[in-house]
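Everything on this sheet refers to the single structure shown next.
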Amino acid sequence: MRLDSIIENADIVTMDPSYPRATRMGVWKGRIVGLDDDLDGLSATETVDLSGRCVIPGLIDGHTHNGITGLRMQSLDITGCATPDQALDRIRAASKEKPKGEWLEVVGYDQRVFGRDITAAELDAAVGDRKVWMRHISSHSSVVSTAVLRDGFNERLSLGDVLDDAEDDAWDDEFPPDGLLVEDNQRLVQGQRMPYSQREIETALVAAGQRCLSEGITMCIDAGIGANLASLGAAELAAYQALRERGELPQRMQVMAGFDAIHPLSTAVEDGYADGLDLGMRTGFGDDWLSLGAMKLWLDGGMMVRSAAVTEPYAGTTNTGMLLMDEESVTQIVMQAQRAGWQLALHAIGDHAIDVALDAFEYAQQDSQGVDTRHRIEHAGMIRPDQIARFGALGMTIGTQPCFLWYSGDDFAQLVGSERVDWLYRGRSLIDAGVRLVGSTDRPLPGDPLRGIQVMVDRRTPTGVVVGSDEGVTVDEALAAFTINAAWAAGREHDLGSLSAGKAADFVVLDASPYAVEPAQIGEIAVERTYIDGLLRFEK
Numbered sequence: 001m002r003l004d005s006i007i008e009n010a011d012i013v014t015m016d017p018s019y020p021r022a023t024r025m026g027v028w029k030g031r032i033v034g035l036d037d038d039l040d041g042l043s044a045t046e047t048v049d050l051s052g053r054c055v056i057p058g059l060i061d062g063h064t065h066n067g068i069t070g071l072r073m074q075s076l077d078i079t080g081c082a083t084p085d086q087a088l089d090r091i092r093a094a095s096k097e098k099p100k101g102e103w104l105e106v107v108g109y110d111q112r113v114f115g116r117d118i119t120a121a122e123l124d125a126a127v128g129d130r131k132v133w134m135r136h137i138s139s140h141s142s143v144v145s146t147a148v149l150r151d152g153f154n155e156r157l158s159l160g161d162v163l164d165d166a167e168d169d170a171w172d173d174e175f176p177p178d179g180l181l182v183e184d185n186q187r188l189v190q191g192q193r194m195p196y197s198q199r200e201i202e203t204a205l206v207a208a209g210q211r212c213l214s215e216g217i218t219m220c221i222d223a224g225i226g227a228n229l230a231s232l233g234a235a236e237l238a239a240y241q242a243l244r245e246r247g248e249l250p251q252r253m254q255v256m257a258g259f260d261a262i263h264p265l266s267t268a269v270e271d272g273y274a275d276g277l278d279l280g281m282r283t284g285f286g287d288d289w290l291s292l293g294a295m296k297l298w299l300d301g302g303m304m305v306r307s308a309a310v311t312e313p314y315a316g317t318t319n320t321g322m323l324l325m326d327e328e329s330v331t332q333i334v335m336q337a338q339r340a341g342w343q344l345a346l347h348a349i350g351d352h353a354i355d356v357a358l359d360a361f362e363y364a365q366q367d368s369q370g371v372d373t374r375h376r377i378e379h380a381g382m383i384r385p386d387q388i389a390r391f392g393a394l395g396m397t398i399g400t401q402p403c404f405l406w407y408s409g410d411d412f413a414q415l416v417g418s419e420r421v422d423w424l425y426r427g428r429s430l431i432d433a434g435v436r437l438v439g440s441t442d443r444p445l446p447g448d449p450l451r452g453i454q455v456m457v458d459r460r461t462p463t464g465v466v467v468g469s470d471e472g473v474t475v476d477e478a479l480a481a482f483t484i485n486a487a488w489a490a491g492r493e494h495d496l497g498s499l500s501a502g503k504a505a506d507f508v509v510l511d512a513s514p515y516a517v518e519p520a521q522i523g524e525i526a527v528e529r530t531y532i533d534g535l536l537r538f539e540k
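The structure is reproduced here in structure tokens:
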């Protein structure tokens, strides 16, 4: 038997507890055929000598928004601007280069850098009557120009919802004069800009996917297409499918269906559910490169804009954030979706929203009839001590984003108070309680898996602030979050997430081992090569 390739002279981290380390790996027809002694007497068309470099399983980003990421890669980026004037100068210059009437989309906005928000009036002064959509790095708020506000209100885009959800008392009968839109208020601008064409979406998905390959990511879980602010429009799944058919998907993808895409179906009473996607599609539909994952619900907002639902007010305020759905509705949806065969993924950042999610899942478990549902809570940003045991008892999976600590950790104590800061984005206590952590970036937010692994271990921000020192985990546990745990959450542990015979040959070559460097250096490790199905997909 002649193999396609043999990887040799390597430090192979398999993530298979029965055989954790190897130096040789054989690949044939996209599959791993064996390790070390299994390869004795076998030859290969290609032998790759890695000179002792580290090999890890392909990284799986368990919660992304690839379409939005790709579009933002084509937008004006004001990251690095130190003052509002610098940002506005960059916006003004970009506007001069655009044809009249064309939108200007801006990313990289973070009011914390400036000490205040940029206003609609300032955008107007820079661009005149042009429509400007400037998105916060968290995706939970935006600042827009007056032209956007004016047309949004004239077209009556979800006006009632916008006003009901508004946090800013400065809104008048016309529109919010400062141009700040929070959470679902952003539908006012999204409704004008969308839909994006299938061609635009395909281009964005490829751009985002190529960046993922450069970070060692061989599979992503896109957390909510077809609905909510995470959506790019009705053509999003069609774009994914077209790329799959042409062999142009950069890596494997699983997509969550946003709850907004779910609608009433004509089902029989005995089926036990009445809502879903057309044709009865549900979790598991697809193939090994593109499949349908969980149904996604958003229960609250985001921490940095104080819209995540918390039980006690944010520090120095009376604000407890916002629940986007009431508990009864959440429980009903979870029950129906579970009966229809869906995995559920509930976005819940604040501890109040987490209570709602846990209550719904606890109730649904009584109706699960032993089915392996693999339900998830996305983010679980602030977990009270009394909630930890509930997570474990329910066997919950959490889609965690450790890089949130990296770029927002310096502000968390001021945001929630010193007594609650150690509750944020927990690690150690959850693993000890039996909770499965799935690592992710929530791109387009900043960060990558290797940086995420670093932060899971040392809990340290770039300035040296440690958030929740008792919550650090081992390198092995952090790497598991981005490999075998993420594969399990996607129902793919049988062929992804570890390097062992019979599994897909998805692996990454690093210039250093995360086990050999100081934790603070893990995020600096370079990805040299990324392989999917044994084929080289990225090389530095």
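Just so we're aligned: the sequence shown equals residues 1 to 540 in the UniProt record's numbering.
The C-beta atom is built at its ideal place from N, Cα and C for all residues, glycine as well.
On a predicted model such as this, the values are computed, not experimentally measured, just so you know.
Cut-off 6 Å between Cβ atoms - residues of its own chain near residue i, not counting five sequence neighbours on either side
| i | result |
| --- | --- |
| ILE56 | VAL13 and VAL508 |
| residue 543 | Lying before the first or after the last residue shown, residue 543 is absent from the chain, which here runs from 1 to 540. |
| MET15 | PRO57, THR483, ILE484 and SER498 |
| VAL330 | VAL356 and ALA360 |
| ASP61 | ILE217, CYS220, SER440 and THR441 |
| ALA364 | VAL334, MET335 and GLN338 |
First and last residue of the uninterrupted beta strand (DSSP E) at residue i
| i | result |
| --- | --- |
| SER141 | 141-144 |
| CYS212 | Per DSSP, CYS212 belongs to no beta strand (DSSP E); it is in the alpha helix (DSSP H), 198-214. |
| ASP4 | 2-8 |
| SER43 | 43-49 |
| ARG529 | 527-532 |
| ARG537 | 535-539 |
| GLY224 | 217-225 |
| LEU424 | Taken as a continuous stretch (DSSP letters only), LEU424 belongs to no beta strand (DSSP E), as it is neither H nor E. |
Under 7 Å between C-beta atoms of residue i and residue j
| i | j | result |
| --- | --- | --- |
| MET396 | VAL435 | yes |
| SER51 | GLY302 | no |
| LEU510 | ALA504 | no |
| GLY258 | LYS296 | yes |
| ILE68 | PRO444 | yes |
| MET325 | LEU299 | yes |
| PHE538 | SER141 | no |
| GLY179 | ALA120 | yes |
| GLY30 | GLY534 | yes |
| TYR515 | VAL475 | yes |
| HIS375 | LEU344 | yes |
| LEU3 | LEU42 | yes |
Inter-residue spacing [alpha-carbon to alpha-carbon] between residue i and residue j
| i | j | result |
| --- | --- | --- |
| ARG384 | PRO313 | 14 Å |
| TYR196 | LEU232 | 6 Å |
| ALA10 | ASP458 | 27 Å |
| PRO147 | VAL106 | Pro is not the amino acid found at residue 147; the sequence shown has Ala there. Answer to the nearest angstrom: the Cα atoms are 15 Å apart. |
| THR283 | CYS81 | 43 Å |
| ARG187 | GLU97 | 27 Å |
| ASP40 | GLY523 | 36 Å |
| THR311 | VAL416 | 11 Å |
| residue 547 | ASP506 | Within the shown structure, residues of the chain are numbered from 1 to 540, placing residue 547 beyond reach of any answer. |
| ASP260 | ALA274 | 15 Å |
| VAL182 | ALA234 | 23 Å |
| VAL132 | HIS63 | 28 Å |
| ILE377 | LEU358 | 9 Å |
| ALA268 | ASP287 | 28 Å |
| VAL421 | VAL144 | 32 Å |
| THR317 | ALA526 | 43 Å |
| SER513 | VAL305 | 37 Å |
Residue i: first and last residue of the uninterrupted alpha helix (DSSP H) it sits in
| i | result |
| --- | --- |
| ARG492 | From DSSP, ARG492 is part of no alpha helix (DSSP H); its letter is neither H nor E. |
| TRP406 | 403-416 |
| GLU477 | 475-481 |
| VAL305 | Looking at the DSSP string, VAL305 is not in any alpha helix (DSSP H), and its letter there is neither H nor E. |
| ILE60 | Per DSSP, ILE60 belongs to no alpha helix (DSSP H); it is in the beta strand (DSSP E), 59-64. |
| ILE453 | 449-458 |
Contact set for residue i: own chain, Cβ-Cβ below 7 Å, skip 5 residues either direction
| i | result |
| --- | --- |
| ALA126 | LEU88, ILE91, ARG92 and SER95 |
| GLU200 | none |
| VAL255 | ASP222, ILE225, LEU237, TYR240, LEU292 and GLY293 |
| VAL455 | PRO402, CYS403, LEU405 and TRP406 |
| TRP423 | MET382, ILE383 and ARG384 |
| LEU290 | TYR240, GLN241, ARG244, LEU249 and MET253 |
| PRO17 | none |
| LEU430 | ILE388, PHE391, ILE398 and LEU437 |
| SER469 | ARG459 |
| LEU536 | ARG529 |
Residues near residue i by beta carbon distance below 8 Å, same chain, minus five either side
| i | result |
| --- | --- |
| ASP367 | MET335, GLN338 and ARG339 |
Report task. Kindly provide the ranges of any beta strand (DSSP E) runs that are 3 or more residues long and lie completely inside the stretch 227-295, ordered along the chain. Result -> Taking 3 residues as the minimum length, the beta strand (DSSP E) runs contained wholly in the stretch 227-295 are 252-258, in order along the chain.
Query raised in the report: Unbroken alpha helix (DSSP H) runs of length 4 or more, entirely within the stretch 92-146: which are they?
Result: DSSP runs (the alpha helix (DSSP H)) wholly in the stretch 92-146: 111-114 and 120-127.
Query - Ranges of the beta strand (DSSP E) found wholly within the stretch 338-387, counting only runs of at least 3 - result: Counting only runs of 3 or more, we get 344-348 and 376-379.
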